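Participant: After the structure tokens below, expect a handful of questions from me.
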Amino acid sequence: MEEIPARLSAKPTWLITQLSVYAHRLATEAFTAAGARGYHYRILTALDEFGVASQADLGRRCNMDRSDVVAAINEMAGQGYVERTPDPADRRRNLVSLTETGQQQRQRLEESLARAQDELLAPLTAAEKTTLTHLLHEVLTHQRSHR
Numbered sequence: 008m009e010e011i012p013a014r015l016s017a018k019p020t021w022l023i024t025q026l027s028v029y030a031h032r033l034a035t036e037a038f039t040a041a042g043a044r045g046y047h048y049r050i051l052t053a054l055d056e057f058g059v060a061s062q063a064d065l066g067r068r069c070n071m072d073r074s075d076v077v078a079a080i081n082e083m084a085g086q087g088y089v090e091r092t093p094d095p096a097d098r099r100r101n102l103v104s105l106t107e108t109g110q111q112q113r114q115r116l117e118e119s120l121a122r123a124q125d126e127l128l129a130p131l132t133a134a135e136k137t138t139l140t141h142l143l144h145e146v147l148t149h150q151r152s153h154r
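According to my numbering, the sequence shown holds residues 8 to 154 in order.
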């Protein structure tokens, strides 16, 4: 392995950026192997956790651009993973719900992503993985609240 300048390897921003490349590749490979994309997982997980939602709510919850939400929902509706119905309270808005087939796909993606997480964090103990996840969550929460 090439040597990394000490000043770089001591910077969390540099380390996180470098690790992000590996994390993204592993997640993308996991989703691709399951016939999906990361956006699909985000939406299926949000529907599973929060229930029926508007496309706008899904965009906010999943941190996705509106056009990406629409494209992903179109793809997943075509595969039978989600259903889109007009909102009875506002006919201009669609409500999206998770189907049984979508729940099965969400579970497949969950399992694929778990394997990718294991590969990414292989050198860590279970306790270290928990601590790292907690710390990353804390930093992200802080940064989001100070925008």
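C-beta: ideal position from N, C-alpha, C; glycine also.
If you're wondering where the values come from, they're calculated on a predicted model, not measured in any experiment.
1. Could you check how far apart the C-beta atoms of residue 33 and residue 127 are, in whole angstroms? I think they sit under 8 Å.
2. Pick helix, strand or coil for residue 72, following the three-state DSSP scheme.
3. Given this structure, state the Cα-to-Cα distance separating residue 90 from residue 17, to the nearest angstrom.
4. Can you have a look at residue 114 and say buried or exposed, based on whether 16 or more other CB atoms are within 10 angstroms of its CB?
5. Roughly how many angstroms lie between the CA atoms of residue 99 and residue 132, to the nearest whole one?
6. Taking only three categories from DSSP, how would you classify residue 10?
7. I'd like to confirm the pairing. Which residues does DSSP put opposite residue 95 in its beta bridges?
8. Where are the beta strand (DSSP E) runs, 3 residues long or more, that stay fully inside the stretch 103 to 137, in chain order?
Facilitator: Working from what's here:
1. The Cβ separation is near 5 Å, so the contact holds.
2. Note: residue 72 maps to coil in three-state DSSP.
3. If you take the alpha carbons of residue 90 and residue 17, they lie about 48 Å apart.
4. Residue 114 is exposed by the Cβ-count criterion.
5. Looking at the two C-alpha atoms, the distance is approximately 50 Å.
6. Coil at residue 10, not helix or strand.
7. DSSP lists no partner for residue 95.
8. The qualifying runs do not exist here; there are none.
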